[in-house]
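Peer 1: Sending over a structure as structure tokens; questions will come in a sec.
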Amino acid sequence: MSVSQKHLDMPLTWDEVNLHAKSLALKLADKGPWKGVIAITTGGMVPACIIARHLKIKHIDTLCISSYDDQSQRKTQIIKHAAGAGNGEGWLVIDDLSDTGNTFRTARELMPKAHYAAIYAKPAGEAAVDTYIMSVSTDTWIHFPWEENEASYIAPPRA
């Protein structure tokens, strides 16, 4: 983790995200059974796939919510609903991070009975998520390995 300007940079590797997503899956295993997993795009897609695979869930859908423009947050906009999830009962909704909680609050309006989980949560976003693995400070900027445009991009391991 490096200190930069007025925030902490936290670049993550693929192995770290994989380990943390599996830890979240273990925490979620006893909270099911699950009808399926809904990934909040785009940040929740990689964690959702890891979690679904670990929990042996085959039904995966997406909920496309836009709330960021580059690095600033704006009003949430629903681009695509998760088909067939209804009120969310029995569904697991996954994102990589609960930052302010706005994305999860928007999703919860659509699916109030779903279970909401993220790998990481900041203080303002902790109340919006039901289950998470790691709390990070408000001034921490997490750099995920799939964020190609970032200086901290780490290519996936090759066989």
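Taking full-length UniProt numbering, the leading residue of the sequence shown gets 1, the next gets one more, and so forth.
Glycine included, C-beta positions come from ideal geometry on N, C-alpha and C.
1) Quick check on the burial criterion: 16 or more other C-beta atoms within 10 angstroms. Buried or exposed for serine 4?
2) In whole angstroms, give me the CA-to-CA distance for glutamine 77 and serine 23.
3) So what does glycine 36 bridge to, in DSSP terms?
4) Touch check for the segment 101-115 and the segment 45-56: three-plus C-beta pairs under 8 Å?
5) Do three or more CB pairs link the segment 81-92 to the segment 35-44 at distances below 8 Å?
6) With a CB to CB cut of under 8 Å and the five nearest residues on each side skipped, what residues in its chain are close to histidine 7?
7) How big is the Cα-Cα spacing for alanine 117 and glycine 90?
8) Going along the chain, which residues of its own chain have a beta-carbon closer than 6 Å to the beta-carbon of histidine 59, five neighbours each way excluded?
9) Take leucine 12 and list the residues in its own chain whose beta-carbon comes closer than 7 Å to its own, dropping the five residues that flank it on each side.
10) Helix, strand or coil for proline 11, going by three-state DSSP, please let me know.
11) To the nearest angstrom, report how far apart alanine 29 and isoleucine 51 are at their CA atoms.
12) Expressed to the nearest angstrom, what Euclidean distance is found between the alpha-carbon atoms of histidine 115 and glutamate 16?
13) Please work out which residues of its chain come closer than 6 Å, Cβ to Cβ, to leucine 92, disregarding the five sequence neighbours upstream and downstream, and give them in chain order.
14) What separation, rounded to the nearest whole angstrom, lies between the Cα atoms of arginine 105 and serine 98?
15) Give every residue of the same chain whose Cβ lies closer than 6 Å to the Cβ of glycine 32, excluding the five residues on either side of it in the sequence, and list them in chain order.
16) Taking the alpha carbon of asparagine 18 as the reference point, which residue from Ala128, Ile119 and Val129 has its own alpha carbon closest?
Peer 2: Walking through what the data contain:
1) Stepping through the sequence shown from its first residue, residue 4 is reached at position 4. Per-residue confidence for serine 4 stands at a pLDDT of 46, beneath the threshold of 50, marking its modelled position as unreliable; the derived number appears in the next sentence. That one is exposed.
2) As a first step, residue 77 is located in the sequence shown; it is residue number 77 there, counting from the start. As a first step, residue 23 is located in the sequence shown; it is residue number 23 there, counting from the start. Answer to the nearest angstrom: the Cα atoms are 30 Å apart.
3) Locating residue 36 in the sequence shown gives position 36, where the first residue counts as 1. DSSP, once it has assigned bridges, lists Trp91 as partnering glycine 36.
4) Fewer than three Cβ pairs drawn from the segment 101-115 and the segment 45-56 lie within less than 8 Å of each other, which leaves the two stretches out of contact.
5) Look at the beta carbons and you see the segment 81-92 touching the segment 35-44: at least three pairs across the two are nearer than 8 Å.
6) Taking the first residue of the sequence shown as 1, we reach residue 7 at position 7. For histidine 7, the CB contacts under 8 Å within the same chain, skipping 5 residues up- and downstream, are Asp139, Thr140 and Trp141 in chain order.
7) For this step, residue 117 is matched to residue 117 along the sequence shown. For this step, residue 90 is matched to residue 90 along the sequence shown. The alpha-carbon atoms of alanine 117 and glycine 90 are separated by roughly 13 Å.
8) Translated into the one-based positions of the sequence shown, residue 59 becomes position 59. Only Gly36 meet the Cβ criterion.
9) Counting from 1 along the sequence shown, the entry for residue 12 is found at position 12. Take leucine 12, set aside five residues on each side of it, and the residues of its chain with a beta-carbon closer than 7 Å to its own are Ile142, His143, Phe144 and Pro145, in chain order.
10) As a first step, residue 11 is located in the sequence shown; it is residue number 11 there, counting from the start. Of the three classes helix, strand and coil, the one that applies to proline 11 here is strand, per DSSP.
11) For the purposes of this step, residue 29 is taken as the residue at position 29 of the sequence shown. For the purposes of this step, residue 51 is taken as the residue at position 51 of the sequence shown. If you take the alpha carbons of alanine 29 and isoleucine 51, they lie about 10 Å apart.
12) Counting from one through the sequence shown, the residue named residue 115 turns up at place 115. Counting from one through the sequence shown, the residue named residue 16 turns up at place 16. Near 24 Å, if we compare the C-alpha coordinates of glutamate 16 and histidine 115.
13) As a first step, residue 92 is located in the sequence shown; it is residue number 92 there, counting from the start. Excluding residues within five positions, the ones whose Cβ falls inside 6 Å are Trp34, Val37 and His115.
14) Start at 1 with the first residue of the sequence shown, and residue 105 comes out as number 105. Start at 1 with the first residue of the sequence shown, and residue 98 comes out as number 98. Within the model, the alpha-carbon separation for arginine 105 versus serine 98 is close to 10 Å.
15) The residue labelled residue 32 in the question sits at position 32 within the sequence shown. Counting only Cβ-Cβ distances below 6 Å, and skipping sequence neighbours, we find nothing.
16) Here residue 18 refers to the residue found at position 18 of the sequence shown. Ile119 is the residue among Ala128, Ile119 and Val129 whose C-alpha sits nearest the C-alpha of asparagine 18.
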